[in-house]
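Trainee: Numbering (UniProt numbering), first residue to last: 1 to 229. All C-beta atoms, glycine included, are put in the ideal place defined by N, C-alpha and C. The structure that follows is given in the form of structure tokens.
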């Protein structure tokens with residue numbers, strides 16, 4: 001029975017995890033990109049002078065558009081990788097919006113009564129906001145360290161080769177630090193399964209995903225100029 005597309009991709013990822021295979025893959029992609037650029041350059045040189053200026057302008061326009069899209073995607077990735085601070089429950093903009101809608105529907109239609117109810121609720125609310133809990137919400141530091149170390153292992157994720165492929169994050173002391181971007185080989189679910197096999201089911205899949213370091217991107221978040229494995 002022939003392999004499915006997902007099985008072929010999984011087998012290819014396993015091969016790239018072998019020592020030296022990923023470096024060979026990057027070198028192969030580099031040579032292919034160099035040949036493509038050389039071919040485009042030769043094609044432009046064969047164009048008549050009357051049309052060459054238009055072609056060059058069009059190529060520059062396309063390059064600017066690709067760069068613009070890449071920067072937009074990078075900005076969206078950074079927003080996606082931001083870990084939301086937690087209290088005793090998970091708070092997201094979507095959950096807050098739904099709660100506001102339910103509360104608004106429950107208020108009386110009379111404006112005066114509505115104002116009185118809101119005033120009473122405001123008086124009953126605590127004057128000080130509860131302390132914000134960061135990150136683990138119950139997990140000890142050793143488990144957090146094991147999870148973040150797992151994400152950054154060479155057999156779990158790969159480091160982006162570019163000098164500009166980094167993000168600025170804050171360490172435990174609150175200081176800014178530049179971290180080289182990494183991309184996962186597999187999905188978060190598959191990575192969590194591997195983590196459970198090695199260390200046991202000490203953390204759930206959702207919490208494991210939340211503790212993914214900011215500089216470790218999903219395998220689907222590769223830049224536009226890098227081929228998906």
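Thinking just about the alpha-carbon of each residue, which of 61, 199 and 16 is nearest to the one in residue 144?
Mentor: Checking every option, the nearest Cα to that of residue 144 belongs to 199.
Trainee: Rounded to a whole number of angstroms, what is the C-alpha to C-alpha distance between residue 104 and residue 115?
Mentor: Cα to Cα, residue 104 sits roughly 12 Å from residue 115.
Trainee: Have a look at residue 24 and residue 172 and give me their C-alpha separation to the nearest angstrom.
Mentor: Between residue 24 and residue 172, the C-alpha separation is close to 37 Å.
Trainee: Measuring alpha carbon to alpha carbon, tell me which residue in 45, 197 and 190 is nearest residue 14.
Mentor: Taking only the C-alpha atoms, the option nearest residue 14 is 190.
Trainee: Could you tell me which residues DSSP puts in a beta bridge with residue 166?
Mentor: Residue 166 pairs with 180.
Trainee: Quick test of the definition: if touching needs 3 or more C-beta pairs under 8 Å, does the segment 154-166 touch the segment 177-184?
Mentor: Segments in contact, yes.
Trainee: My guess is that residue 157 and residue 216 are in contact by the Cβ rule of under 8 Å, so how many angstroms apart are they, rounded?
Mentor: That pair is a contact at about 6 Å.
Trainee: Pull up the DSSP beta-bridge partners for residue 157, would you.
Mentor: Residue 157 pairs with 184.
Trainee: Can you tell me which of the three DSSP states residue 130 falls into?
Mentor: Note that residue 130 scores a pLDDT of 47, beneath 50, so its modelled location is shaky and nothing firm can be said.
Trainee: Could you spell out the range, first to last residue, of the alpha helix (DSSP H) harbouring residue 146?
Mentor: Residues 141-151.
Trainee: Hey, could you find the ends of the alpha helix (DSSP H) residue 43 is sitting in?
Mentor: Here the alpha helix (DSSP H) through residue 43 covers 21-45.
Trainee: I believe residue 184 touches residue 218 by the beta-carbon criterion, under 8 Å. Please report the beta-carbon distance rounded to the nearest angstrom.
Mentor: That pair is a contact at about 6 Å.
Trainee: Which two residues bound the contiguous alpha helix (DSSP H) that contains residue 119?
Mentor: Here the alpha helix (DSSP H) through residue 119 covers 111-124.
Trainee: When burial is assigned at 16 or more other CB atoms within 10 Å of the CB, is residue 96 buried or exposed?
Mentor: Exposed, by the Cβ-count rule.
Trainee: So what's residue 216 in DSSP terms, helix, strand or just coil?
Mentor: In the structure shown, residue 216 sits in a strand (DSSP, three-state: E or B).
Trainee: Do residue 212 and residue 192 count as a contact pair if the criterion is CB distance below 8 Å?
Mentor: Taking 8 Å as the Cβ cut-off, residue 192 and residue 212 do not qualify as a contacting pair.
Trainee: Measure the CB-CB distance between residue 111 and residue 117 and report whether it falls below 8 Å.
Mentor: Their beta carbons are not under 8 Å apart, which means residue 111 does not touch residue 117 by this criterion.
Trainee: Less than 6 Å between C-beta atoms, sequence neighbours within five positions excluded: which residues of the same chain meet that for residue 221?
Mentor: Counting only Cβ-Cβ distances below 6 Å, and skipping sequence neighbours, we find 77.
Trainee: What first and last residue would you give for the alpha helix (DSSP H) that runs through residue 16?
Mentor: Taken as a continuous stretch (DSSP letters only), the alpha helix (DSSP H) holding residue 16 covers 5-16.
Trainee: Does the Cβ of residue 187 have 16 or more other Cβ atoms within 10 Å, making it buried, or fewer, making it exposed?
Mentor: Label assigned to residue 187: exposed.
Trainee: Between the Cα of residue 155 and the Cα atoms of 49, 71, 17 and 122, which residue gives the shortest distance?
Mentor: Here the closest residue by C-alpha is 17.
Trainee: Please state whether the Cβ-Cβ distance between residue 203 and residue 139 is less than 8 Å.
Mentor: Closer than 8 Å, so yes.
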